[in-house]
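If you use the working numbering, the sequence shown corresponds to residues 207 to 589, in order.
What follows is one structure encoded as structure tokens, with my remarks underneath.
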Amino acid sequence: MKIINFQGFAALILLGVMCSCGKSKRSPITVNDSIPTIILTPTSVEVPKSYVADVQAVQFVEVKPKIEGYVQKIFVDEGEKVKKGQALFQLSSAEYSENVKEAEANLKQAEAEYQMAEYEVERIGRMVKKEIIAKIRLDQANTAKEVARMKVQQAKVHLRRSQTNYSYTTVTSPFSGYIDRIPYKVGSLVNPQSLLTTVSDISEIFAYYKVNESEYLKYKRAQLSGKKQPEMNNIELVLSDGSVYSHRGKVETVEGDFERGTGSIAFRVRFPNPDGLLKHGVTGKIRMMTKMNDVYLIPQQSTFEIQDFTYVYTVDSVGYAKVRSFMPLERHNNFYVTQDLTHGTMIVYEGVQMVKDGAAIKVKEIDYEKIKQDFEQKGDSLK
207 MKIINFQGFA ALILLGVMCS CGKSKRSPIT VNDSIPTIIL TPTSVEVPKS
257 YVADVQAVQF VEVKPKIEGY VQKIFVDEGE KVKKGQALFQ LSSAEYSENV
307 KEAEANLKQA EAEYQMAEYE VERIGRMVKK EIIAKIRLDQ ANTAKEVARM
357 KVQQAKVHLR RSQTNYSYTT VTSPFSGYID RIPYKVGSLV NPQSLLTTVS
407 DISEIFAYYK VNESEYLKYK RAQLSGKKQP EMNNIELVLS DGSVYSHRGK
457 VETVEGDFER GTGSIAFRVR FPNPDGLLKH GVTGKIRMMT KMNDVYLIPQ
507 QSTFEIQDFT YVYTVDSVGY AKVRSFMPLE RHNNFYVTQD LTHGTMIVYE
557 GVQMVKDGAA IKVKEIDYEK IKQDFEQKGD SLK
């Protein structure tokens with residue numbers, strides 16, 4: 207008997223007490239009816255693992271105005287597909303248009319003053335050469351010219367800022383994608399904190415799923431050793447209606463930190479979405495096939511549980527049943543997958559409720575290959 211830990215040992219003691227009630231210590235109970243049994247042989251199986259997925263668009267951006275103003279026009283509708291740079295909203299622009307005109311006038315004035323300062327420098331320069339006036343007047347003229355040049359630069363900056371603010375009155379799409387809800391209608395006053403809408407690029411989608419530290423270490427060690435992990439490039443997405451998405455995805459990257467509260471870390475899977483079936487925020491599950499070698503398939507009907515421990519009845523060469531615990535690696539449909547048992551072990555297949563520890567039973571052997579075929583018929587791969 208395998209002793210797992212103190213808790214498991216206590217469970218086995220309890221099991222022994224239960225099994226020995228009403229039974230002679232010297233004479234094991236004999237079951238008159240034949241008990242179906244199977245002889246275990248190792249195999250390789252592929253079992254699916256499922257994880258809750260957080261599905262997101264490959265790009266998802268909130269569209270907010272950069273200036274304050276009233277919504278004058280809305281060029282698109284909710285759910286509409288738009289192109290990069292396409293106009294979405296028009297905000298009130300009269301004030302910003304006037305600012306541009308004023309900035310243009312200021313620039314022209316500054317440029318004219320600079321031109322006059324240049325002429326003045328040339329005029330005084332000629333007079334200094336003829337020694338009509340002192341050189342200090344030329345220095346003063348050059349200083350005035352530099353001041354005029356700086357005013358031109360300031361006027362250009364002010365014009366560019368005014369033109370930029372004016373351009374912000376037309377809100378455009380940052381990339382090609384789909385428009386979400388539009389909460390503000392024509393006439394609404396909006397500011398840089400107002401969410402006009404969101405744009406999502408769903409040409410491809412990301413699906414995030416979380417694994418525990420043990421699974422992450424297994425993946426990372428295999429990656430560092432150069433071991434191929436084909437299951438990471440052939441991932442299924444099961445949608446909320448139970449259907450399997452027609453395109454397969456592959457793991458691209460892993461987040462940088464574990465979540466403190468859950469001890470999990472997220473993997474990111476990229477899926478193509480050429481038909482636009484998937485939307486940002488849809489629900490689903492990530493499913494991947496994990497291959498396990500040298501394992502044994504144990505039908506659930508052959509097992510029973512006590513205090514979170516799983517047991518089977520093994521049968522020795524002379525037909526005596528003995529209770530045995532094992533650790534399931536996976537549980538899929540009506541089967542447990544384990545490595546705890548050994549090749550050639552005979553276990554009770556059906557009728558475990560009729561068997562007690564130490565009882566002599568009449569063996570009726572069932573073909574183990576039929577059990578494997580049953581596993582295959584449930585949609586799994588087994589070799």
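Note that the Cβ used here is the ideal one computed from N, Cα and C, for glycine as well.
Boundaries of the alpha helix (DSSP H) around LEU365: 341 to 373. Here the alpha carbon of ILE241 sits roughly 32 Å from the alpha carbon of LYS497.
Nearest neighbour of SER298 by Cα position, chosen from GLU310, GLN278, ALA311 and LYS307, turns out to be GLN278.
Within the DSSP bridge table, the entry for LYS491 names VAL258 and VAL444 as partners. Note that the C-beta distance between LYS491 and VAL444 is below 9 Å. In this structure VAL543 touches LEU535 by the C-beta definition: roughly 5 Å separates them, less than 8 Å. A direct Cα-Cα distance of roughly 45 Å separates SER420 from PRO398. Excluding its 5 nearest sequence neighbours in each direction, VAL377 has C-beta neighbours in its own chain below 8 Å: VAL269, PRO271, ALA293, LEU294, PHE295, GLN296, LEU297 and LEU402, listed in chain order. Counting only residues of its own chain and dropping the five nearest sequence neighbours on each side, GLY285 has a CB closer than 7 Å to the CB of TYR384 and ILE385.
Residue pairing by DSSP puts SER470 in a beta bridge opposite ASN418.
Counted as a single uninterrupted DSSP element, the beta strand (DSSP E) harbouring TYR384 occupies residues 383 to 385.
PRO478 is bridged by DSSP to GLU410. Within the same chain, and ignoring the five residues on either side of ALA428 in sequence, the residues whose Cβ sits closer than 6 Å to its Cβ are GLN435. The shortest C-alpha to C-alpha distance from GLU458 to any of TYR425, PHE510, ASP447 and ASP481 is the one to TYR425. Inter-segment contact for the segment 345 to 355 and the segment 311 to 329 is present: three or more beta-carbon pairs are separated by less than 8 Å.
The Cβ-Cβ distance between THR249 and TYR502 falls below 9 Å.
One alpha carbon belongs to ILE245, the other to GLU511, and they sit about 21 Å apart. The C-alpha of THR548 lies about 13 Å from the C-alpha of SER531.
In the three-state reduction of the DSSP assignment, GLN265 falls in the strand class, which pools E and B. Contact check for ASP500 against GLN545 passes: the beta carbons are separated by less than 9 Å.
Out of SER400, GLY393 and LYS314, the CA that lies nearest to the CA of VAL358 is found in LYS314. Rounded to whole angstroms, the gap between the alpha carbons of LYS456 and ILE411 is 11 Å.
LEU365 sits buried, since 16 or more C-beta atoms from the chains shown fall within 10 Å of its C-beta. Ranked by how close their Cα comes to the Cα of GLY557, the residues ILE408, ASN305, PRO505 and TYR414 have PRO505 in first place. Shown here, GLU286 sits in coil according to DSSP, grouped into three states, outside any helix or strand. Secondary structure within the segment 501 to 527: not one fully enclosed alpha helix (DSSP H) run of 4 or more consecutive residues is present.
With fewer than 16 other beta carbons inside 10 angstroms of its own, LYS341 counts as exposed. Per DSSP, the beta bridge partners of ALA293 are THR378. Secondary structure of ASN312 (DSSP, three-state): helix.
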